[in-house]
Amino acid sequence: MSDFIIAVGHTASGNAGCGVVDRLDESKCTRQIGTLVAEYLQQKGYGVNLLRIDKSNSYNCEDCYERANQANEIAKTKDIKLYVEIHINAGGGSGPEVLVFGKSEVANQYATKVCNELSSTLNLPNRGVKIRDLIVLNKTVMPAILVECLFADSDDADKYDLEIIAKAIVNGLVEDEVSGNGEWKFGWNSNDVGWWYCTDIENKYYYTSQNGWQEIKGEWYIFDDRGYALQNCWYQDKNNNAWYYLDENCKMVRGSKENPLWKWIDNKCYAFDEHGRWIK
Numbered sequence: 093m094s095d096f097i098i099a100v101g102h103t104a105s106g107n108a109g110c111g112v113v114d115r116l117d118e119s120k121c122t123r124q125i126g127t128l129v130a131e132y133l134q135q136k137g138y139g140v141n142l143l144r145i146d147k148s149n150s151y152n153c154e155d156c157y158e159r160a161n162q163a164n165e166i167a168k169t170k171d172i173k174l175y176v177e178i179h180i181n182a183g184g185g186s187g188p189e190v191l192v193f194g195k196s197e198v199a200n201q202y203a204t205k206v207c208n209e210l211s212s213t214l215n216l217p218n219r220g221v222k223i224r225d226l227i228v229l230n231k232t233v234m235p236a237i238l239v240e241c242l243f244a245d246s247d248d249a250d251k252y253d254l255e256i257i258a259k260a261i262v263n264g265l266v267e268d269e270v271s272g273n274g275e276w277k278f279g280w281n282s283n284d285v286g287w288w289y290c291t292d293i294e295n296k297y298y299y300t301s302q303n304g305w306q307e308i309k310g311e312w313y314i315f316d317d318r319g320y321a322l323q324n325c326w327y328q329d330k331n332n333n334a335w336y337y338l339d340e341n342c343k344m345v346r347g348s349k350e351n352p353l354w355k356w357i358d359n360k361c362y363a364f365d366e367h368g369r370w371i372k
């Protein structure tokens with residue numbers, strides 16, 4: 093079973109580089125949440141590495157670089173499934189959001205699940221998954237997400253509950269396996285998390301990342317390690333070092349022999365050839 097890295101944002105409260113202090117103290121909250129998330133994951137049998145930098149920063153974002161470096165060192169000897177950094181937001185808004193670098197389909201999928209769990213559990217607006225070029229997202233070698241649980245300086249603070257937030261994060265990470273006791277049918281199935289494709293009802297076999305690309309009724313799909321079809325995200329095929337995009341229907345975006353297909357993604361326009369490869 094792969095390990096998680098759970099990192100808590102900022103330095104300790106009161107030190108240079110600490111988080112926002114308003115109706116909630118971000119640094120104190122992230123350390124509480126991170127510790128409990130790690131504990132819950134361990135109870136479920138997952139390996140967890142908890143990262144926290146308490147000392148004051150001697151230069152801007154020093155703690156971010158240190159967490160990224162520590163995570164990369166851990167990854168040299170352990171199979172890390174995901175890097176998860178926990179924060180509390182500021183700016184007077186409302187609701188959770190999860191940040192990603194945008195180039196990891198694994199991170200994008202986890203980010204969506206965690207954000208959905210936090211929003212529904214806390215009954216707060218879902219601010220969604222957002223792409224950001226942050227140190228802990230672009231300097232880590234494994235898929236990484238940064239979770240902004242809720243806002244410290246708005247009425248969100250009234251919803252702060254350590255155990256509820258920690259359980260929601262854990263549920264987003266590990267409680268959404270395809271296998272379950274619900275009724276299955278041959279072919280496409282769905283739940284609140286996403287879509288999967290059943291190939292054998294009796295034994296509940298389904299496609300996963302190990303099966304690679306699958307052509308289904310003339311369209312191409314790729315699945316994550318839990319069996320969910322990738323959706324609204326990028327996928328890098330390391331076999332040919334090409335990038336692909338899976339649309340809102342989980343289908344590979346692709347053009348034709350005569351013309352590439354142009355698609356707006358995150359406020360940029362990308363072209364794809366007849367095989368679905370991004371034309372750089």
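Note that the sequence shown ends on residue 372 in the working numbering; no numbers are left out.
Even glycine gets a Cβ: it sits at the ideal position worked out from N, Cα and C.
Asked, Found
"With 16 other Cβ atoms within 10 Å as the buried cut-off, status of glutamate 275", "exposed"
"Under 7 Å between C-beta atoms of lysine 170 and aspartate 95", "yes"
"Cβ-Cβ distance between alanine 236 and tyrosine 175 below 7 Å", "yes"
"Opening and closing residue of the beta strand (DSSP E) in which glycine 139 lies", "139-143"
"Three-state class that DSSP yields for lysine 205 in the structure shown", "helix"
"Close beta carbons around glycine 264, own chain, < 6 Å, minus the five adjacent residues each side", "Lys205, Val206, Glu209"
"Burial state of lysine 277 (16 or more Cβ within 10 Å)", "exposed"
"Delimiting residues of the alpha helix (DSSP H) encompassing glycine 282", "It is serine, not glycine, that sits at residue 282 in the sequence shown. Per DSSP, serine 282 belongs to no alpha helix (DSSP H); it is in the beta strand (DSSP E), 279-282."
"Extent of the continuous alpha helix (DSSP H) run through valine 190", "No alpha helix (DSSP H) contains valine 190, which is instead part of the beta strand (DSSP E) from 189-192."
"Every unbroken alpha helix (DSSP H) inside the stretch 103-135 [4 residues or more]", "118-135"
"Exposure of alanine 108, with buried meaning 16 or more beta-carbon neighbours within 10 Å", "exposed"
"Which listed residue (Lys136, Gln323, Gly310) has its alpha carbon closest to that of tryptophan 288", "Gln323"
"Identified DSSP bridge partners for leucine 353", "Phe364"
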